[in-house]
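For the sequence shown, my numbering gives the first residue as 144, with consecutive numbering after it. Read through the structure below, which is laid out as structure tokens, and then see the notes.
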Amino acid sequence: MILRRITNALKRQDWITVLIETLIVVLGVFLGLQVNNWNAERTEHAQSLTFTHALENDLHADAALYRQIADYYSTVREDGLRALASLEGSAPLADEALVVNAYRASQVALAPVNRSTFDELVSTGRINLITDLTLRAAATEHFGFNFIDTAAADGRQSDYRRLFRGTIPPDAHHAARTECGDRSINNVVTLDYPCSLGLTAGAVSRAADALRADDSLPPALRRRINELDVQIADLESEAGQLDRTIGLKEER
């Protein structure tokens, strides 16, 4: 309709009408584009808020998870210290207590971090939706190095774990794993609970004697204890860093 009016005005050489109608067309196109831009900006802003909130929740959850794993390894380290003191003779343990503590000192924790939001942002090329550069940098660093997986890999490859499993009789290892291994208590995996192997006194005695007779265990256990000390500090440090990042954002 507008184009027809412009065409008729051109034929009549009615330049004022041509100008007015042309301006109407241009203004209509401009407003249409502007509305589209506003809608796109509103949509992007909403997505930014949604993903930012989800990423913050993931980092909060990971901070709590890291502390849980640090607590787990603190228990493992304490078990290791008791087993080491017994093996070295400074604080002897009863046979069953030695077997249980020595077993638990070889344990590792496995737990997935909460990286689904971050992975979606990266895989879809929308990481820029996280406009808080501090939060984005913290997430990139956090998900770029997994302290939980690293600690577990170090524990699995430790000399102590290898030597312990090569020394302990199979029946005692099975009993320790099934009766004194990881337990989920209040949705937290832990080794910090009392247990009994359920073996005969003779079987427990043979297992404890085998551990005491292996001179290579104490040095390997010392290394394991010292590695745990570093791993616990790393996990607690990362948890604190995540909390500070979220706290600084909330203050702003």
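Cβ coordinates follow ideal geometry from the N, Cα and C atoms, glycine included.
- DSSP places Val347 in the helix class (H, G or I) of the three-state scheme.
- Looking from the CA of Ile375, the closest CA among Val256, Leu208, Glu187 belongs to Leu208.
- For Val331, the enclosing beta strand (DSSP E) has its first and last residue at 331 to 333.
- Within the segment 298 to 339, the runs of alpha helix (DSSP H) at least 4 residues long that lie entirely inside it are, in chain order, 302 to 310, 313 to 323.
- Inclusion of Phe290 and Glu381 in the CB contact set at 7 Å is warranted, their separation being smaller than that value.
- Ala245 and Leu192 have their alpha carbons spaced roughly 49 Å apart.
- Going by beta carbons, Leu371 and Tyr216 fall inside the 7 Å limit.
- When the Cα atoms are used, Ile368 and Leu340 turn out to be separated by approximately 24 Å.
- Collapsing the DSSP output to three states places Leu276 in a helix.
- Following the DSSP letters along the chain, one finds Ser259 inside the alpha helix (DSSP H) bounded by residues 259 to 266.
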